[in-house]
């Protein structure tokens with residue numbers, strides 16, 4: 001079971017890291033979500049313990065999990081959902097202002113804006 005969790009964490013983290021390196025802002029956001037899900041799954045798998053339930057120690061039990069780890073992971077899920085919503089709102093704002101989500105095009109637009117700003121500073125005129 002632990003090996004299954006380890007493989008799932010590796011796949012999620014690898015996919016997220018791959019998407020983070022893409023030149024599209026939506027894929028970057030999806031990569032962030034995948035990496036946060038991989039971290040949550042890793043924390044849940046670390047919280048699994050083998051043994052008997054503490055309430056009925058005389059009865060043969062199934063593997064139990066620590067409720068503190070589950071509560072912490074639930075909090076992390078809520079926080080990652082908020083971060084994903086914020087990132088998607090920022091991506092939407094970038095798209096409405098630049099009509100592009102390609103990071104290379106956005107970098108070129110930023111360089112053009114800096115050149116215009118520098119030229120306006122040298123001539124003493126406002127943009």
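Numbering (UniProt numbering), first residue to last: 1 to 127.
In this text, a Cβ means the ideal position worked out from N, Cα and C, and glycines have one as well.
For clarity, every value in this text was computed on a predicted model and none was experimentally measured.
**Three-state secondary structure (DSSP) of residue 66** = For the purposes of this step, residue 66 is identified with residue 66 of the chain shown, where counting begins at 1. Residue 66: coil per DSSP, three-state reduction.
Check your understanding: For the stretch 8 to 18 against the stretch 29 to 47, are there 3 or more C-beta pairs whose distance is under 8 Å?
Key -> yes
Among 44, 111, 107 and 25, the one whose alpha carbon lies nearest that of residue 128: For the chain, the structure presents residues 1 to 127; residue 128 sits outside this window and is missing.
- Query: Taking just the CA atoms, how far does residue 23 sit from residue 70?
  - Reply: Here residue 70 refers to the residue found at position 70 when the chain shown is read from its first residue. Here residue 23 refers to the residue found at position 23 when the chain shown is read from its first residue. Cα atoms of residue 70 and residue 23: separation of roughly 35 Å, rounded to the nearest angstrom.
### Task
Tell whether a beta-carbon distance below 7 Å holds between residue 34 and residue 47.
Here residue 34 refers to the residue found at position 34 of the chain shown. Here residue 47 refers to the residue found at position 47 of the chain shown. Cβ distance not < 7 Å, so residue 34 and residue 47 don't count as in contact.
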